[in-house]
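These protein sequences, in sequence, are chains P, U, R and F. Following this note's numbering from start to finish, the first sequence increments by one per residue and tops out at 586. Following this note's numbering from start to finish, the second sequence increments by one per residue and tops out at 586. Following this note's numbering from start to finish, the third sequence increments by one per residue and tops out at 586. Following this note's numbering from start to finish, the fourth sequence increments by one per residue and tops out at 586. Even glycine gets a Cβ: it sits at the ideal position worked out from N, Cα and C. I have placed the structure first, in the form of C-alpha cells, so that the comments after it can refer back to it.
There are 4 protein chains.
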Amino acid sequence: MSEISFKHHGAKSSRSDRAETTAKTRIVEISEGINCGARELLLIAGPCAVEDLEQMEASAAFLSRLGIGALRGCIFKPRTSPYSYQGIGADGIALLERVKRQFEMPVVTEVMSREQIEAVYEVSDVFQIGSRNMQNFELLKEVGLLDKPVILKRGLSATIEEFLMAAEYILSGGNQRVILCERGIRSFDPSTRNVLDLGAVAVLKSMTDLPVLVDPSHALGKSEFVATMAGAAIAAGADGLVVECHPRPAQSVSDARQALSFDEMQGLVDAIAPIAEAVGRSVGQREFQKALHNIAC
Amino acid sequence: MSEISFKHHGAKSSRSDRAETTAKTRIVEISEGINCGARELLLIAGPCAVEDLEQMEASAAFLSRLGIGALRGCIFKPRTSPYSYQGIGADGIALLERVKRQFEMPVVTEVMSREQIEAVYEVSDVFQIGSRNMQNFELLKEVGLLDKPVILKRGLSATIEEFLMAAEYILSGGNQRVILCERGIRSFDPSTRNVLDLGAVAVLKSMTDLPVLVDPSHALGKSEFVATMAGAAIAAGADGLVVECHPRPAQSVSDARQALSFDEMQGLVDAIAPIAEAVGRSVGQREFQKALHNIAC
Amino acid sequence: MSEISFKHHGAKSSRSDRAETTAKTRIVEISEGINCGARELLLIAGPCAVEDLEQMEASAAFLSRLGIGALRGCIFKPRTSPYSYQGIGADGIALLERVKRQFEMPVVTEVMSREQIEAVYEVSDVFQIGSRNMQNFELLKEVGLLDKPVILKRGLSATIEEFLMAAEYILSGGNQRVILCERGIRSFDPSTRNVLDLGAVAVLKSMTDLPVLVDPSHALGKSEFVATMAGAAIAAGADGLVVECHPRPAQSVSDARQALSFDEMQGLVDAIAPIAEAVGRSVGQREFQKALHNIAC
Amino acid sequence: MSEISFKHHGAKSSRSDRAETTAKTRIVEISEGINCGARELLLIAGPCAVEDLEQMEASAAFLSRLGIGALRGCIFKPRTSPYSYQGIGADGIALLERVKRQFEMPVVTEVMSREQIEAVYEVSDVFQIGSRNMQNFELLKEVGLLDKPVILKRGLSATIEEFLMAAEYILSGGNQRVILCERGIRSFDPSTRNVLDLGAVAVLKSMTDLPVLVDPSHALGKSEFVATMAGAAIAAGADGLVVECHPRPAQSVSDARQALSFDEMQGLVDAIAPIAEAVGRSVGQREFQKALHNIAC
C-alpha cells in the first residue's frame with residue numbers, strides 16, 4: 290500500500306482540485322433539484338430487489354409522499370450463491386421506467402458489468418457499484434466514463450485508503466459525480482450482519498470532498514436497528530442514507546430481515562429529522578410537507 | 290460458545306429480573322444526584338493518567354464548571370510495554386482525594402488487581418475495568434463483591450455475548466451497579482486506532498437493561514474526531530460518554546493524540562447538547578448553566 | 290447467508306457429483322502431464338508482473354530446470370490505485386507466447402474482464418481470478434463457460450462458504466476445472482501483509498473435492514517467510530503452491546518485497562521436498578531431476 | 290503503539306541479550322531431561338479440564354507410553370459465562386500430585402490469580418497464562434517472579450508486538466523461562482473456532498529467541514483438523530504442541546468438540562513424526578520407543 294501516489298493525468302485528474310476544497314463537500318446533482326452533499330440530506334429508499342409493478346408503485350407512491358429523494362431497486366442482484374434469486378433482470382427496466390415517470394422520482398440501481406450499464410443507462414439516474422465490486426477496476430473504469438452519478442459502496446473489508454483509491458478510478462476516468470457509501474465492514478461478532486463503521490464517515494469527510502452516504506440496512510441486517518443507526522449516521526456527518534423499505538417486508542425476495550415497512554420508514558424519517566436539525570442539516574422535503582400541512586390546516 | 294446457559298444461583302442471580310425490564314434502562318447511581326441510565330446523560334471526563342496536582346485541579350475546575358458528571362483519571366495504567374509509563378501509582382490517591390473534595394466531583398479510576406481495589410476503595414466512586422481485563426474473571430469476581438458501581442469496558446475483540454457474560458460475572462457476585470462501555474473494537478483499518486461499534490450500543494440496549502456508555506477517545510484515537518463521534522454515540526442511544534481531556538494535550542504522558550483541550554471539550558458539549566435533545570435526553574447541568582446565565586443577564 | 294441452498298440446474302450442476310467424492314481430490318489437468326490435485330504437487334512460479342522478454346526468459350529457463358509445473362506472470366495488474374503501474378497489457382501476449390513455446394511451460398495469467406479473457410485466451414493455459422474479483426459474479430460466469438482451468442483466489446475477507454459459492458458460479462456454468470487458492474485473509478496485525486489461513490486448507494479439503502493451492506507470497510508479503518510457509522502449506526494438505534519469483538527481486542515493478550530470488554526459489558523447493566514426502570506427496574520433477582543427476586554421475 | 294521502547298532495567302532486562310541470539314532458540318527446561326526449544330519437539334497433551342482420578346490416570350498412562358513430554362490439565366477454568374463449569378478447583382491439586390508422581394510426568398496448568406499460583410505452586414512444573422489474560426499485567430508480573438517456566442498464550446486479537454511486550458512483562462520481572470504459544474486469532478469465518486496464524490510462528494522465530502508452541506486444538510476447535518494442523522505447525526517452525534486429549538472426548542466437561550481420543554492422539558504423533566524429521570526436528574521419545582520396540586522384537 291506504500292505504492293500509492295497521486296500522479297495527475299491532466300484534465301482527467303480530479304485530485305488536485307479536491308485538495309483545495311476538502312473542508313467543503315462537493316455537491317453531486319442526482320436530478321433536477323435533488324442533490325447529494327448539500328445542507329439537505331439525500332434520502333434514497335426502496336426495495337432491495339425490483340419484484341413487480343405493484344410492489345414498485347406502492348413503494349414509489351409512499352416514498353414520494355414521504356419526501357424521499359430517490360427510489361432504489363435492483364434488477365440485477367449480486368448473490369453469494371449462483372442458486373439464489375438473481376434479480377428480475379432486463380424485464381425490470383420497463384417497470385422502473387414506468388414508476389419513474391409516474392412518480393417523478395430519480396432511480397438508483399446497481400450494475401455489475403458493461404452490459405448492465407448499457408441496459409439500464411436510460412432509466413437509471415444513479416449507478417450503484419456494490420461492495421463486492423468495489424475493487425472491480427474494469428467496472429470502475431466503465432462508470433468513470435459515464436455522465437451520470439455513481440454511488441460507490443465500501444468493500445466488506447476495504448481500508449479507507451483503498452476506498453478512496455477505488456473512487457479515484459472513477460474520478461480519473463472523468464466522472465466527477467462520485468458519492469461514497471459506508472455500509473458496514475466485516476468483523477467477528479455474529480449479532481449483526483456487519484459492523485457499521487461511522488468513524489469512517491468522519492474520517493472520510495476529513496480526507497475528501499466527496500459526499501458520503503450511509504446504508505444502515507445492510508450494515509446491521511436487522512430492521513429494528515435501522516432507524517437508530519440512521520440517526521447516528523446523520524450525527525456522524527453523513528450526507529444522506531440508503532435504506533431498504535418494502536410494502537410487505539416479510540415477503541421480500543431478498544434481505545427480508547432488514548427491510549423496513551412503510552410505518553417503520555415513516556418512523557425513521559421522524560426520528561432523524563430532529564437529529565439532522567441538531568447538526569445543521571435538513572431532511573428533504575420535510576419543510577415542504579410542513580408547509581403543505583399548514584396550508585391544509 | 291455454545292456452552293453458555295443461564296443457570297440461576299438463587300439470590301445472586303440477576304438475569305431473570307432483567308428479562309422483564311429489558312426495555313427500560315436500569316439507573317445506576319454514581320453519587321448523590323449523579324446517575325447513569327437516566328434521561329440526563331452521564332458525562333465522564335478527565336485526563337488519561339493522573340500526573341500532578343496542578344493538572345488535576347485545572348481539569349476538575351474546568352470540567353465541574355462545564356457540568357461534567359464525574360472526573361476520570363488513572364493512577365495505575367495498563368500499558369502494552371513494561372517499559373512504558375505505568376502511572377503515578379499510590380501517590381496519586383491523596384491527590385485524587387484532594388481534588389474530589391475541593392470540586393465535589395465523583396471520581397472514576399481503573400483497577401487491575403485486588404490490591405489496587407483496596408488502595409483506591411475510599412477515593413474511587415466508580416471502578417473501571419479496562420478492555421484488556423474484560424475477561425479477567427478473577428478481577429470481575431472481586432468487583433462483583435463491591436458496593437460501588439463498575440464501568441466494564443468491552444474487550445478489543447469481544448463479541449456482544451461475551452461482553453454480557455463478563456458483566457454477568459459482576460452481577461452474579463451481587464453487585465448490580467454495572468455500566469457497560471463500548472470503546473472501539475480491533476479491526477483492519479490503520480486510519481483510526483479502533484473501530485467504534487455504535488451498532489453494538491443499539492444491540493446492547495435491546496438485550497440488557499444495563500446502561501451503556503461510549504468512549505470515543507480510545508475508539509478513534511484522534512482528538513479531531515471525538516466530538517463528532519460523541520454526537521453519533523448519543524444518537525445511537527448511549528447513556529453517556531467517557532472522554533479524555535487534558536489542560537495541555539500535547540504534554541499528556543499517555544495517549545496525547547486523543548485528548549481534548551478544554552476548548553475542544555467545551556465544543557463537544559455544545560455539539561452534543563442539541564443531539565441529546567433530539568433523542569429525548571439532556572446533557573447534565575446544561576439547563577442549570579443556562580438558568581445561571583439567565584440570572585446573570 | 291442463511292439463504293444458501295443447492296438447487297441443481299440439470300446437467301450444469303456439479304454439486305451432487307462432488308458429494309460422493311469429497312474425500313478424493315478432483316484432478317485438474319493444466320496441460321499434458323501437468324496436473325493439480327494428484328500425488329505430485331503443482332508448483333506455479335514466476336514474476337508478479339510480466340515486464341520484458343529478458344525477465345521472462347530468465348525466469349522460464351530457471352524455473353523449468355527446477356521442475357516447476359507452470360509459469361505465472363500477469364500482463365493486466367489489478368492495482369489499488371489507478372496511478373500505480375497497471376501491467377504491460379496486450380503487449381505482453383506475444384512475449385508470453387514466445388516464452389511458453391521456447392520452454393514448453395504452461396502459462397497462468399490473471400484476467401479481470403471478458404475483453405482480457407479474449408485477449409489472452411490462446412496463450413493462457415490457466416486463468417486466474419484474483420482476490421478482489423472473487424465475488425465479481427459476471428466474471429465468474431464468463432470463466433464458467435471456458436474450456437480451460439481456472440484458479441480462483443479467496444477474497445480478502447471471504448468466508449469459506451462464500452469461497453465455495455464463488456467456485457459454484459464457475460462450476461455451474463459448466464467449467465469443472467476449478468482450482469481454489471488460499472492467499473491470506475485480512476486481519477489486524479501489521480507485521481505481515483495478510484494472515485495465511487492454513488486451517489482453511491484443511492477445512493476446504495473436508496468440504497469439496499476441488500484441489501487447493503496456497504500462495505504464501507501474497508499471504509505474508511515478505512520473502513523471508515515464503516519458503517517456511519510453503520512447507521507448512523504442504524503439511525496442511527495443499528495440492529501445490531503459487532510463488533512469486535523474479536530474476537532480480539529488488540527491481541520488480543510490483544510486490545518487490547515478497548518476490549523470491551532464484552536462489553531462494555531453489556531453497557524453497559529443497560525445503561518442501563522432504564515435507565511433501567512426509568505427507569505422501571512429491572514435488573514435481575524432482576524424481577526426474579534426481580534420475581538425471583544419477584545418470585550424470 | 291508508537292510508545293514502545295526498550296529501556297533496560299539492569300540485570301532484570303533480557304532484551305539486549307536476546308538481540309544477539311535471535312537466530313538461535315533459547316532452551317527452556319521444563320523438568321529434568323524435558324526441554325522446549327531444543328531439536329526434540331516438546332509435546333504437551335491431556336484433558337482440557339481435570340475431572341477425576343480415573344480420567345487423569347488413564348490420560349497419563351497413555352500419554353507417557355506415547356512419549357508425550359508433559360501432561361496438561363486445568364483445575365481452574367476461565368469460562369466466558371459465570372454459569373459454566375468453572376473447574377474442579379483446589380480439589381484437583383492432590384489428584385494432579387498423585388498422577389504426576391505415579392507417571393513421572395511434568396504438569397502444566399493454568400493460573401488466573403496470585404492465589405491460584407500459590408495453590409498450585411508445588412504441583413505445577415509449568416504455569417500457563419491463557420489468552421484472555423495475556424494483557425493481565427498484574428498476573429504477568431506475578432509469574433515474572435517465579436522460578437518455573439511460563440507458557441504465555443497469545444491473546445485472541447493480540448498483535449505480534451503486543452504478544453512480545455506481554456512476554457517482556459514476565460522477562461523483565463526476572464523469569465527468563467518464557468514459552469510463547471500461538472492458539473488461533475479471532476476472525477470472521479464461522480467454520481472454525483479461530484484462525485490458526487502459523488505465519489505468526491515464523492515471524493516470532495525471526496524476532497525473539499523464545500521458544501514457540503502451537504495449540505491446534507483451541508485454534509480450530511474441531512478434533513478432525515487437529516492432527517493436520519499440528520503437522521503444519523511443525524513445518525512452520527513450532528518448537529512443540531499443546532494438544533487436548535481425553536479418554537472419552539464426548540464426555541469431556543469442556544471443549545468436547547476439540548479433544549482427541551487416544552487413537553487420534555496416537556495418529557497425530559504418527560503423522561507429525563515424519564514432518565518433524567523433514568524439518569530437522571524429532572518427536573520426543575519416539576527414538577526411544579523404536580529402540581524399545583526393536584529390543585522387544
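Query                                                                                                                      : Result
7 Å Cβ cut-off: residues of chain R touching residue 476/U                                                                 : 477
Own chain, CB closer than 8 Å to residue 315/R, minus 5 neighbours either side, in chain order                             : 307, 326, 465, 498, 499, 500
Proximity winner among 527/F, 318/F, 526/F, 531/F, relative to residue 515/F (alpha-carbon distances)                      : 531/F
DSSP state of residue 571/R mapped onto helix, strand, coil                                                                : strand
heavy atom of the ligand PLP below 7 Å from residue 522/P C-beta                                                           : Looking at this structure, you won't find the ligand PLP or any other ligand, since it has none at all.
Near-chain F residues of the segment 415-445 of chain U - C-beta to any C-beta below 7 Å                                   : 421, 422, 424, 425, 426, 427, 445
Cross-chain neighbours of residue 486/R in chain F, by beta carbon under 7 Å                                               : 484
8 Å contact criterion, which residue 491/R and residue 525/R should meet: CB distance rounded                              : 6 Å
Minimum Cβ-Cβ distance from residue 401/F to chain B less than 8 Å                                                         : No chain B is part of this structure, whose protein chains are labelled P, U, R and F.
Residue 389/U, buried or exposed, once every other Cβ within 10 Å from all chains shown has been counted against 16        : buried
Inter-residue spacing [alpha-carbon to alpha-carbon] between residue 569/F and residue 563/R                               : 10 Å
Through-space distance from residue 423/U to residue 401/F, alpha-carbon basis                                             : 13 Å
Pair within 8 Å by beta-carbon distance, residue 397/U and residue 415/U                                                   : yes
Local conformation of residue 424/R per DSSP, three classes                                                                : coil
Cβ-Cβ distance between residue 408/F and residue 377/F below 8 Å                                                           : no
Test item: CB-CB of residue 449/F and residue 489/F under 8 Å                                                              : yes
C-alpha gap between residue 385/F and residue 369/F, whole angstroms                                                       : 25 Å
Residue 318/F to residue 472/P span [Cα, whole Å]                                                                          : 52 Å
Residue 454/P at chain R interface by Cβ criterion, 8 Å                                                                    : yes
Residue from 419/F, 480/F, 346/F, 548/F whose Cα sits closest to the Cα of residue 393/F                                   : 346/F
Within 8 Å, strictly: CB atoms of residue 453/U and residue 420/U                                                          : no
Segments assigned beta strand (DSSP E), at least 3 residues, entirely inside the segment 366-411 of chain U                : 396-399
First through last residue of the beta strand (DSSP E) which encompasses residue 488/R                                     : Element bounds for residue 488/R: not the beta strand (DSSP E) but the alpha helix (DSSP H), 487-496.
Exposure of residue 358/U, with buried meaning 16 or more beta-carbon neighbours within 10 Å                               : buried
Interface flag, residue 551/U vs chain P, CB-CB below 8 Å                                                                  : no
Buried or exposed by the 16-neighbour rule on C-beta atoms within 10 Å, applied to residue 479/U                           : exposed
As assigned by DSSP and simplified to three states, the class of residue 315/R                                             : coil
Beta-carbon proximity of residue 336/U to residue 550/U, cut-off 8 Å                                                       : no
Nonlocal neighbours in the same chain, by C-beta distance under 7 Å from residue 558/R, ignoring five residues either side : 355, 572
Among 373/P, 391/P, 329/P, nearest to residue 342/P - alpha-carbon criterion                                               : 391/P
Residue environment, residue 362/R, which counts as buried when at least 16 other CB atoms sit within 10 Å                 : buried
Where residue 310/U sits in the DSSP three-state scheme                                                                    : Because residue 310/U sits at a pLDDT of 36, beneath the cut-off of 50, its placement in the model cannot be relied upon, and the point is left open.
Reduced DSSP category for residue 416/F - H, G, I as helix; E, B as strand; rest coil                                      : strand
Residue 517/F versus residue 522/R: straight-line alpha-carbon distance, rounded                                           : 10 Å
Any C-beta of chain F under 8 Å from that of residue 520/R                                                                 : yes
Proximal residues to residue 379/R (C-beta, below 6 Å), its chain only, five neighbours per side dropped                   : 408
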